[in-house]
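The block underneath contains the structure these notes are about, expressed in structure tokens.
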């Protein structure tokens, strides 16, 4: 089956940049997503990138996509304590409607 | 409603009892998904519905798990004879039909139902 992999944990200092990495397996994914989960809450879409794009920037967020290596990254500039959360990478399966396969999540801890 | 609504938000039950979890998707969303998140784990896909039918039930962990959706809206996930390993947060999500124009495939999640089996 498909696997989406992420590192488990990242710790940064407030004001630094955070980079969360993800590898996926389905080369025919149409969209790739980053979701954010704050403590005790459901997941919220943070940003997404269409598979024919290499980069997408949205305020403090930059998504980079390397299709050849099936590698996706999320960069958060000027990381704030409010960015502390679990970040999930997800890919859409080409033959399963909108069903998403999620990675295990990266817990981002931002130290003041 | 404005978002995906799940109930109960918390459920504590004894081993061997049956539980029912409910999901009310965003109005007009034809696709509905159930995921499970165990403590410290990622999201495990359970089942998804397109309308009232479930094209993919492959993620259901055992025959103790079943789900249905009626009227293309509310869905219930039923766990029979609960076991301690069923303890997790059960997340429901909904989305527009894949063929709708401009659909980016975003899933909208509820806040989950936390199940604790003693």
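Residue numbers (the working numbering), protein chains in the order written: chain A, 16 to 127; chain B, 782 to 899. We put the beta carbon where it would ideally sit given N, CA and C, even for glycine.
Neighbour-count burial assignment, residue i, 16 or more Cβ in a 10 Å radius
i	result
residue 114 (chain A)	buried
residue 26 (chain A)	exposed
residue 890 (chain B)	buried
residue 106 (chain A)	buried
residue 103 (chain A)	buried
residue 24 (chain A)	exposed
residue 73 (chain A)	exposed
residue 869 (chain B)	buried
residue 40 (chain A)	exposed
For residue j and residue i, believed in contact at Cβ under 8 Å, the rounded distance
i	j	result
residue 835 (chain B)	residue 876 (chain B)	That pair is no contact at about 15 Å.
residue 95 (chain A)	residue 29 (chain A)	6 Å
residue 35 (chain A)	residue 89 (chain A)	5 Å
residue 121 (chain A)	residue 21 (chain A)	5 Å
Identified DSSP bridge partners for residue i
i	result
residue 801 (chain B)	B:859
residue 872 (chain B)	B:816
residue 105 (chain A)	A:48, A:117
residue 21 (chain A)	A:37
Quiz item: Do the stretch 61–72 of chain A and the stretch 791–798 of chain B touch if we need at least three Cβ pairs shorter than 8 Å?
Solution: no
Quiz item: Which parts of the stretch 839–864 of chain B are runs of the alpha helix (DSSP H), unbroken and 4 residues or longer, counting only runs that do not cross its ends?
Solution: none
Practice problem: May I have a chain-ordered list of the alpha helix (DSSP H) segments no shorter than 4 residues that lie completely inside the stretch 34–87 of chain A? | Solution: none
Practice problem: Report yes or no: do three or more beta-carbon pairs, one from the stretch 43–51 of chain A and one from the stretch 786–793 of chain B, lie closer than 8 Å? | Solution: no
Quiz prompt | the stretch 839–846 of chain B touching the stretch 855–869 of chain B, judged by at least three CB pairs closer than 8 Å | solution = yes
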